[in-house]
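*Asks:* Mind having a look at this structure? Questions to follow.
Numbering (the working numbering), first residue to last: 12 to 154.
Okay, here's the thing in structure tokens:
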């Protein structure tokens, strides 16, 4: 689906905002498509409307306007202070420290990315630690 409407930081009137809304998911269109009948939606929402490839085309002018809209991080409620353009939002989420991730050491813990790195290095029961007596590596929970 599209972007959440509440991440926009620009003051748009209702008419302006409506021109950017997907008719399927009701979010801000992501990779805007226009059908042969004039309906606009996200490219990922088009299959839900039953449009085949030849009945839709990219809406370049709308995509350009949407990409320039200013927004905050979709995870701002978790504390992220990032602000940028919608075109950079997905790129930001690839590195945002507030994205939830599962511990790579398979302990089952899920934390925000920034806290997870500390967990994996210092707190995870599955992290490797060296026995001070025999100098072999063990899982923390095995010592």
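From the three backbone atoms N, C-alpha and C, an ideal C-beta is built for every residue, glycine too.
Quick one, are the C-beta atoms of residue 21 and residue 81 less than 7 Å apart?
*Replies:* It is a contact, given that the beta carbons lie within the stated cut-off.
*Asks:* Just list the residues that DSSP pairs residue 105 with in beta bridges.
*Replies:* For residue 105, which the question treats as bridged, DSSP gives no partner whatsoever.
*Asks:* Might you give, ordered along the chain, the residues of its own chain that have their beta carbon closer than 7 Å to the beta carbon of residue 3, omitting 5 neighbours on each side?
*Replies:* The requested residue 3 does not occur in the structure, where the chain is confined to residues 12 to 154.
*Asks:* With C-beta atoms as the reference, is residue 39 less than 7 Å away from residue 13?
*Replies:* A contact, by the Cβ cut-off of 7 Å.
*Asks:* Rounded to the nearest angstrom, what separates residue 84 and residue 137 at their Cα positions?
*Replies:* If I take the Cα positions, the gap works out to 32 Å.
*Asks:* I'd like the list of long-range same chain contacts for residue 151, defined as Cβ closer than 6 Å, with 5 residues on each side in sequence excluded.
*Replies:* Answer for residue 151: 136, 138 and 140, listed in chain order.
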